[in-house]
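Going by the working numbering, the sequence shown opens with residue 369, and the numbers climb by one from there.
Note sheet for the following structure.
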Amino acid sequence: MEHLTPKRKLTIMVAIIAAMFFAAINQTIVSTAMPRIIAILGGMDYYTWVITIYMLTSTISTVLVGKLSDIYGRKPFILAGIVFFIIGAFMSGLSRDIFELITYRGIQGIGAGIIMSCAFTAVGDLFPPRERGKWTGLMMAVFGFSSVLGPTLGGWIVDHMNWKWVFWIFLPIGLIAFILIMALFPKVERRASEKIDYAGSLFLTLTIVPMLLGFSWAGTKYAWGSQQIIGLFAAAVVSLLIFIWVETKAKSPVLPLSLFRNSIITISNVIGFLMNAGMMGALIYLSFFVQGVLGIAPTYSGYVTMPMSLSMVVVSAVTGRFITKTGKYKRYALIGMPIMVLSMVMMAYMNSVWMAVLSMLIFGLGLGLGMPVFSLTVQNAAKPSELGVATASSQLFRNLGGTIGIAVMGTIMASRLTSNLKETMASGGGVDITKLDPAVASKLAAFQNPEMLLDQPKLAELQQTLPAEVQPILTKMIEMLRDALSASLTTVFLAGAALLVVALVLTFFLREIPLRTSNKEQQAEDTDGKLSPSKA
Numbered sequence: 369m370e371h372l373t374p375k376r377k378l379t380i381m382v383a384i385i386a387a388m389f390f391a392a393i394n395q396t397i398v399s400t401a402m403p404r405i406i407a408i409l410g411g412m413d414y415y416t417w418v419i420t421i422y423m424l425t426s427t428i429s430t431v432l433v434g435k436l437s438d439i440y441g442r443k444p445f446i447l448a449g450i451v452f453f454i455i456g457a458f459m460s461g462l463s464r465d466i467f468e469l470i471t472y473r474g475i476q477g478i479g480a481g482i483i484m485s486c487a488f489t490a491v492g493d494l495f496p497p498r499e500r501g502k503w504t505g506l507m508m509a510v511f512g513f514s515s516v517l518g519p520t521l522g523g524w525i526v527d528h529m530n531w532k533w534v535f536w537i538f539l540p541i542g543l544i545a546f547i548l549i550m551a552l553f554p555k556v557e558r559r560a561s562e563k564i565d566y567a568g569s570l571f572l573t574l575t576i577v578p579m580l581l582g583f584s585w586a587g588t589k590y591a592w593g594s595q596q597i598i599g600l601f602a603a604a605v606v607s608l609l610i611f612i613w614v615e616t617k618a619k620s621p622v623l624p625l626s627l628f629r630n631s632i633i634t635i636s637n638v639i640g641f642l643m644n645a646g647m648m649g650a651l652i653y654l655s656f657f658v659q660g661v662l663g664i665a666p667t668y669s670g671y672v673t674m675p676m677s678l679s680m681v682v683v684s685a686v687t688g689r690f691i692t693k694t695g696k697y698k699r700y701a702l703i704g705m706p707i708m709v710l711s712m713v714m715m716a717y718m719n720s721v722w723m724a725v726l727s728m729l730i731f732g733l734g735l736g737l738g739m740p741v742f743s744l745t746v747q748n749a750a751k752p753s754e755l756g757v758a759t760a761s762s763q764l765f766r767n768l769g770g771t772i773g774i775a776v777m778g779t780i781m782a783s784r785l786t787s788n789l790k791e792t793m794a795s796g797g798g799v800d801i802t803k804l805d806p807a808v809a810s811k812l813a814a815f816q817n818p819e820m821l822l823d824q825p826k827l828a829e830l831q832q833t834l835p836a837e838v839q840p841i842l843t844k845m846i847e848m849l850r851d852a853l854s855a856s857l858t859t860v861f862l863a864g865a866a867l868l869v870v871a872l873v874l875t876f877f878l879r880e881i882p883l884r885t886s887n888k889e890q891q892a893e894d895t896d897g898k899l900s901p902s903k904a
């Protein structure tokens, strides 16, 4: 599609960015509104399924659509993605109970996965690698902007309007994006020789579903060593082995194993996995520090992460332009990732809200420099005929990294918290409530659970019911819990920093090949099975 005029390309990109923003804002706007929605619909026990089902369906649709869009073109799939998302969003607003909401969020997830996969791939169709940098940076900025606007707007809507408008307010943008893409996006002919890999698609799905469920439920719903979790992981391993065997026989595999013979694609995907594991696994627990340790209300805790989003928006846009101008990209990852490591270490030892804000600001700088690079490296190294499936593989590894990172970091925090509390009690720093009046002891027992720190209204309510002479004991118990939680989070953030260090080391081994100036250039395999650009 390089033959299109610059004006036509620009209007198509406006439509693609509108579709991306529609999907991104609908995800971030829900984050702060969901607790209120669950309180209205009921079903708190099934709350995690609202998140899990979206993650599952979006991950599966992302990777499956990658190959299909290589065969049929991007246009029908990005249109289908918008339709799925609009239907899911509209029906979510009509949900009468938690089970309906879970179902409709699953439909939204299908649409989101298709939109994200096709949007990033469409940039590869429209522009050669040399020009993709500025557009990749701009698309990252869209995510940053949605993460700034979404949570604040979601909280405002549930406070001042009917909660249904959380899902409905941006539906017009989806309709506009659909019309623009329908009218402007070129249609391509189907590759007649390509066949759909049904068996590969099935076993890839059967690998992803139990794996993500296993990591989502391990340490929360079930113990890591439970039969349920072991069974899910065993099913994932068996399905993976069958999938690999099927792909070696398929004429047109859904995820070609030959992709991973390319060292650039393999290393980039592993780095993306580690970055998301470290980043998501640690950042998800930042609110534990802000709310649990510092005692800041949830309404204001969201502002702590805002500097990260703002700095990422600016830096990613600027970085994209520099990549397009110079044709160099590795240097930005090598600069950005140490900055991310530094900010993680700062989080490990932060002791005030201002240090938390500063660490978020610095993290956003590193993220804006490093994150856009690895989608670009994958697209630049892949054959033009495999652009869709290569881009989908990159997003698959990032999704898996984020999911696994959150689960593992949660286990680290829980185990360290238990250990810290035991050490405090053993050293005599705790409070032995068995020596107190039974009535008082029963009330104080609730303050032995660290989760109490995250429910500030209930904490204040219980605190007021205790007599004045018990208040010093209560203060000591709360401080003990906060110290134990803070020490546990230090371990979590250091673990996240360690993963980013490994990703940084791998970046040094990433081969930097020139960004192609045309999609017409062919890529030939060298004797090592690595892809290198050759002139058309």
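Glycine included, every Cβ here is placed at the ideal spot set by N, Cα and C.
Just to confirm, is the Cβ distance from residue i to residue j under 7 angstroms?
| i | j | result |
| --- | --- | --- |
| Pro-740 | Thr-504 | yes |
| Ile-639 | Leu-874 | yes |
| Ala-401 | Gly-522 | yes |
| Ala-457 | Phe-535 | yes |
| Val-661 | Ser-854 | yes |
| Ala-760 | Ser-485 | yes |
| Val-757 | Asp-493 | no |
| Val-398 | Ile-470 | no |
| Asn-637 | Ser-762 | yes |
| Lys-725 | Pro-675 | Before going on, a small fix: residue 725 reads as Val here, not Lys. Yes, they are a contact pair. |
| Ile-405 | Trp-524 | no |
If you draw a straight line from the C-alpha of residue i to the C-alpha of residue j, how long is it?
| i | j | result |
| --- | --- | --- |
| Met-388 | Ile-482 | 10 angstroms |
| Tyr-414 | Pro-374 | 49 angstroms |
| Gly-542 | Ala-386 | 7 angstroms |
| Val-860 | Asn-767 | 20 angstroms |
| Glu-829 | Ile-664 | 16 angstroms |
| Ile-780 | Phe-390 | 35 angstroms |
| Met-648 | Leu-462 | 31 angstroms |
| Met-712 | Ser-679 | 16 angstroms |
| Ala-836 | Met-848 | 19 angstroms |
| Tyr-590 | Arg-498 | 48 angstroms |
| Ser-594 | Ala-602 | 12 angstroms |
| Leu-642 | Ser-514 | 24 angstroms |
| Leu-409 | Thr-673 | 28 angstroms |
| Met-507 | Gly-688 | 10 angstroms |
| Ala-866 | Ala-716 | 12 angstroms |
| Pro-519 | Thr-616 | 45 angstroms |
| Gln-832 | Ile-846 | 14 angstroms |
| Leu-372 | Phe-657 | 51 angstroms |
| Lys-563 | Thr-771 | 32 angstroms |
| Phe-495 | Leu-627 | 21 angstroms |
| Ile-633 | Ala-487 | 19 angstroms |
So if DSSP puts residue i in a beta bridge, which residue, or which two residues, is it bridged to?
| i | result |
| --- | --- |
| Ala-855 | Ala-855 pairs with nothing; no bridge assigned. |
| Tyr-440 | Bridge partners of Tyr-440: none, in fact. |
| Ala-586 | Tyr-590 |
Once you ignore the five residues that flank residue i on each side, which residues in its own chain have a CB closer than 7 angstroms to its CB?
| i | result |
| --- | --- |
| Lys-555 | Gly-441 and Lys-443 |
| Ala-509 | Val-681, Ser-684 and Ala-685 |
| Val-622 | Leu-432, Lys-435, Asp-565, Gly-568, Ser-569 and Leu-572 |
| Gly-897 | Interpretation of Gly-897 is limited by its pLDDT of 41, a score under 50 that renders its predicted location unreliable; the figure taken from the coordinates is listed afterwards. So the qualifying residues of the chain are Arg-629. |
| Ile-455 | Ile-475 |
| Lys-653 | Position check: residue 653 holds Tyr in this sequence, whereas Lys was assumed. Correct list, in chain order: Met-777, Met-781, Leu-857 and Val-860. |
| Trp-592 | Ala-586 and Thr-779 |
| Ile-544 | Ala-386 |
Who are the Cβ neighbours of residue i in its own chain at under 8 angstroms, not counting the five residues just before and after it?
| i | result |
| --- | --- |
| Leu-600 | Pro-578, Met-579, Leu-581, Gly-582 and Trp-585 |
| Leu-552 | Arg-376, Thr-379, Ile-380 and Ala-383 |
| Phe-467 | Gly-411 and Tyr-414 |
Measuring alpha carbon to alpha carbon, tell me which of the options ends up nearest residue i.
| i | options | result |
| --- | --- | --- |
| Arg-784 | Asp-851, Ile-772, Ala-750 and Leu-521 | Asp-851 |
| Phe-742 | Leu-552, Val-418 and Ile-635 | Ile-635 |
| Arg-699 | Tyr-671, Val-683, Gly-738 and Leu-662 | Gly-738 |
| Ile-610 | Ile-576, Gln-595 and Asn-637 | Ile-576 |
| Val-516 | Val-713, Gly-756, Met-728 and Tyr-671 | Tyr-671 |
| Pro-540 | Phe-453, Met-643 and Thr-588 | Phe-453 |
| Asn-394 | Asn-788, Leu-409 and Arg-473 | Arg-473 |
| Leu-424 | Ile-397, Phe-488, Ala-480 and Val-605 | Ala-480 |
| Leu-878 | Arg-404, Gly-646 and Lys-696 | Lys-696 |
| Pro-706 | Leu-735, Ser-720 and Trp-722 | Leu-735 |
| Val-870 | Met-714, Gly-646, Gly-770 and Trp-533 | Gly-646 |
| Phe-876 | Ser-631, Leu-710 and Thr-489 | Ser-631 |
| Ser-655 | Asn-530, Ser-720 and Lys-563 | Ser-720 |
Please return the same chain residues whose Cβ sits closer than 6 angstroms to the Cβ of residue i, not counting the five positions on each side in sequence.
| i | result |
| --- | --- |
| Ile-703 | Leu-737 |
| Tyr-420 | Note that residue 420 is Thr in the sequence shown here, rather than Tyr. Here the set comprises Ser-584. |
| Leu-548 | Ala-383 |
| Val-491 | Arg-500 and Trp-503 |
| Gly-512 | Ser-677, Met-680 and Val-681 |
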